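Structure record follows, encoded as structure tokens.
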Amino acid sequence: MGVNGTVKVIEWMGLPNGGKTEISGIIERELTRLGKSVRSIQDQIKDAPVEGIVERNLWAISKIKKLIIEAREHTPDLIIVERGAGAIFASLDAFLKLEGFLTDREQRKAASLAKDEAFLLRKYTGFFILIEVDSGVAMDREVGQTTPGTIINPDFLNALTKSYNRLKKELAKSRVMLVDGNVDHRTESYQRCNDRILQKLLRLMPPGITDRE
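To convert, count from 1 in the sequence shown and add 37; that's the working numbering.
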């Protein structure tokens, strides 16, 4: 088990339909198979009360903080957050850049929340995995074989893409792993991508952990 205070927290970020949920699940199962203790925090924003854009993000960031603190108490080897502070930061930044999308009051609240997000990134998260996909994939992708992808507003998609690019530049390169989300999930390339992520995360874990196979 990880030692409290040294537990690594990683976040998955990226545009819709890049495969965050699927890859995160694969990696979590493989780490568990290798004897690692993993705590997973699922995407909170999709479960947030529908009260408005900024309010949903406020709710989600509060919930993520609480869940990370609770997860640390169990001293796992790794905490995986699907669409955590980094993703919310990019989302808020995108909304702020869209002219006329938010009211003046929402603009002020979003700007204030962005500062809170930046603090959370520095305090809690040790590493980020950014899944990059083409805009066409993000707009409409068939995930797996049966589940249709989610259609989102093209204007927001463009703003969100730019926000992720800004976030990528702000974060230290040593704290970010870029993943090609355009890879077909049925190919060997996809498996090699997952293996690369797995090896990176194993290296991130605290020293002195013995795998139990």
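For each residue, glycine too, the CB sits at the ideal point set by N, CA and C.
None of the values given here were measured: they were computed from a predicted structure.
For the segment 198-226, there is no continuous alpha helix (DSSP H) assignment of 4+ residues that stays within its boundaries. Here DSSP, grouped into helix, strand and coil, assigns residue 71 to coil. Inter-residue distance for residue 138 and residue 132 is about 7 Å (C-alpha atoms, whole angstroms). Runs of the alpha helix (DSSP H) spanning 4 or more residues and lying entirely within the segment 118-155 occur at 122-134, in chain order. By the criterion of at least three beta-carbon pairs nearer than 8 Å, the segment 193-206 is in contact with the segment 48-56. Counting C-beta pairs closer than 8 Å gives three or more between the segment 121-132 and the segment 154-165, which meets the contact rule. Under the three-state reduction of DSSP, residue 48 is assigned to strand.
By the criterion of at least three beta-carbon pairs nearer than 8 Å, the segment 170-177 is in contact with the segment 214-223. Ranked by Cα distance from residue 192, the options 147, 136, 210 are led by 136. A direct Cα-Cα distance of roughly 11 Å separates residue 49 from residue 59.
Assignment of beta-bridge partners to residue 76 by DSSP yields 116. Secondary-structure assignment with DSSP links residue 169 through a beta bridge to 217.
Less than 9 Å divides the Cβ of residue 47 from the Cβ of residue 165. Apart from the 5 residues on each side of it in sequence, residue 83 has no Cβ closer than 7 Å to any other Cβ in its chain.
Rounded to the nearest whole angstrom, the C-alpha separation of residue 174 and residue 230 is 18 Å. Non-local C-beta neighbours of residue 147 in its own chain, meaning closer than 7 Å and more than five positions away in sequence, comprise 91, 129, 132, 133, 139, ordered along the chain. A distance below 8 Å between beta-carbons, with the five flanking residues on each side excluded, links residue 241 to the following residues of its chain, in chain order: 45, 47, 115, 163, 164.
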